[in-house]
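Numbering (this note's numbering), first residue to last: 129 to 698.
Listed below in structure tokens is the structure:
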């Protein structure tokens, strides 16, 4: 395998699994070590290890496992051996991500059955509940990632663990050690703080009110033993503020080249980091610029933030969210799956430049928000390297994962003034969540000629985003003094309530399309309101649910067909 090097902690394990026929890799030459596994893959690994026993006499109880599936025999074997009881009496959920607790339970039961462990066969009942993650069939092309560190996130999801590292978190606040820890109030000037240790902050401020002026913080080495402890709690970050610390930072230079080494991390309710006129640079995976979790607060003025690793948003948040306020500055991400802003928090940015060179620009997960005022935003998501590229390529994504990193509820996106430039795919993609979108006076530039202005649809659930056929998006959108150009598609399990107001102009089509997973259609897929003084310029035939028109429609030879069969034309 070209993607498994001898220096990796799992090198021998991969070679053993290959030599035993447990895995054939995802292609003839790749193992894809950092992809997540689905339930179907885990039982297939076990089935192969125990010799692919005959299951011809086993009755299949699962409606979502078919004889044509490569994992069919493996699932029946695991069921017949008591290794799994399914997620319900009639479903196995083969493509759901397999959590660590499920994997060890499968192993425990399998080894107990063969006498290779002294454990019992496990509790009766269904398997533990699932969360995100994309399976990817053994011997075929793997899924593109899953809901990882940032909630299965499309963009910020699960980067690679470090040597010996893992996902899953410790189940409690685990922050590792600190090369320097400040616990007393005070002012510190022109001081350098360094770290090369594993699970170690270069500088930690714990529960103190501290001013840091002209400092240098360098986390030049050392990896995180647990990626989610790094993502959630600040372990291995260059600078961590925690336990209600009040930290004011000015004129600082902060750098991290350590895996899972976020730049400046604000953790916990009552903790506030105020940072201004400073430079933050990170180069490794899972290493955001400014990171806020657990209810912390970050206030930033005129920063220059650059990240280069995967899953390394310039403005980053994770489990527990918090409040982030940014005014001025430049925020640039260069890695795959690294938006300029990833929100599981309340994030407001004004007068800033936000650039994602190899990722979607903005992501909101769950009941959280991004509010932008006079910002210049640019996204350039990869067709192949993004964790959700197989589902949709876009610049702005609003979604709900099932990882628990973000509360379920109404997402909110607001952008006033400034510009939004899309360099690949669709401009907006909304799935498996309800959201409000407000646009006013934004210059939207779509450099992708085949991309839509907005796609609102369900997804195939391979990333753990809801249930296929019932995981559409619900969008309430207001265009206020806004020019919109491009097509909008809404699938039959999704809804759009669009209002053009205050002189807004839409040039493009709106169409309802069938849900790709054959889900049961919902009502009011596309409800359109055009206020007085607003204009809709058609560029093709349209299908919508209903229309309230107090403005102007230029049909340009095309038609609008309503749900009741009415056909409108010039």
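Backbone N, C-alpha and C define an ideal beta-carbon position, used for all residues, glycine too.
Less than 8 Å between CB atoms is the rule here; does residue i satisfy it with respect to chain C?
i           : result
residue 578 : Checking the listed chains, one finds no chain C in this structure; it contains a single protein chain.
For residue i, tell me which candidate among the options has the shortest Cα-Cα distance.
i           : options            : result
residue 545 : 556, 502, 495      : 502
residue 336 : 370, 132, 441      : 370
residue 700 : 437, 648, 331, 482 : In this structure the chain extends from 129 to 698, so residue 700 is not present and cannot be described.
residue 531 : 221, 379, 225      : 225
residue 339 : 162, 418, 318      : 318
residue 624 : 513, 639, 602      : 602
residue 636 : 134, 198, 671      : 671
residue 378 : 359, 398, 403, 389 : 403
residue 409 : 428, 440, 168, 677 : 440
residue 587 : 596, 581, 234      : 596
residue 342 : 307, 406, 364, 302 : 406
residue 504 : 638, 484, 491      : 484
residue 367 : 183, 322, 392, 652 : 392
residue 642 : 662, 618, 654, 660 : 618
residue 509 : 385, 651, 463      : 463
residue 151 : 568, 178, 209, 620 : 178
residue 600 : 361, 529, 664      : 529
residue 314 : 344, 673, 375      : 375
residue 421 : 471, 328, 216      : 471
residue 130 : 147, 148, 156      : 156
residue 447 : 433, 520, 362      : 362
Under the assumption that residue i contacts residue j (Cβ atoms under 8 Å), give the Cβ distance between them as a whole number of angstroms.
i           : j           : result
residue 159 : residue 153 : 5 Å
residue 699 : residue 449 : With the chain covering 129 to 698 only, the question about residue 699 has no answer from this structure.
residue 468 : residue 489 : 5 Å
residue 207 : residue 222 : With a Cβ gap of about 12 Å, residue 207 and residue 222 do not count as contacting.
residue 220 : residue 192 : 6 Å
residue 300 : residue 332 : Actually they are not in contact, since the Cβ atoms of residue 300 and residue 332 sit about 17 Å apart, beyond 8 Å.
residue 647 : residue 598 : 5 Å
residue 632 : residue 654 : Residue 632 to residue 654, Cβ: 17 Å. No contact.
Using DSSP's beta-bridge definition, name the partner residues of residue i.
i           : result
residue 332 : 309, 368
residue 183 : Looking at the DSSP assignment, residue 183 forms no beta bridge with any residue, so it has no partner.
residue 493 : 527
residue 481 : 458, 504
residue 178 : Beta-bridge pairing links residue 178 to no other residue.
residue 593 : None; residue 593 has no bridge partner.
residue 509 : For residue 509, which the question treats as bridged, DSSP gives no partner whatsoever.
residue 715 : Here the chain has residues from 129 to 698 only, and residue 715 is not among them.
residue 314 : 338
residue 450 : 424
residue 562 : 602
residue 419 : 393, 444
Give the DSSP-derived three-state secondary structure of residue i in the structure shown.
i           : result
residue 168 : helix
residue 428 : strand
residue 144 : helix
residue 690 : coil
residue 550 : strand
residue 625 : strand
residue 233 : helix
residue 400 : strand
residue 474 : strand
residue 362 : coil
residue 639 : strand
residue 204 : helix
residue 541 : strand
residue 239 : helix
residue 355 : helix
residue 139 : helix
residue 393 : strand
residue 173 : helix
residue 670 : strand
residue 267 : Since pLDDT at residue 267 reaches only 36, below the 50 mark, its modelled position is unreliable, and the value read off the structure follows with that caveat. Note: residue 267 maps to coil in three-state DSSP.
residue 303 : coil
residue 611 : strand
residue 327 : coil
residue 374 : strand
residue 570 : coil
residue 198 : coil
residue 464 : coil
residue 557 : strand
residue 294 : With a pLDDT of 48 at residue 294, under the threshold of 50, the predicted position of this residue should be treated as unreliable, and no value is reported.
residue 581 : coil
residue 659 : coil
Open item on the list: Would you call the segment 588-598 in contact with the segment 613-620, where contact means no fewer than 3 C-beta pairs closer than 8 Å?
Closed with: no
Open item on the list: Contact between the segment 138-146 and the segment 195-213 is defined here as three or more beta-carbon pairs at a separation below 8 Å; is this criterion met?
Closed with: no
TODO: Mind the definition here: the segment 509-523 touches the segment 494-501 only if three or more C-beta pairs lie below 8 Å; say whether that holds.
DONE: no
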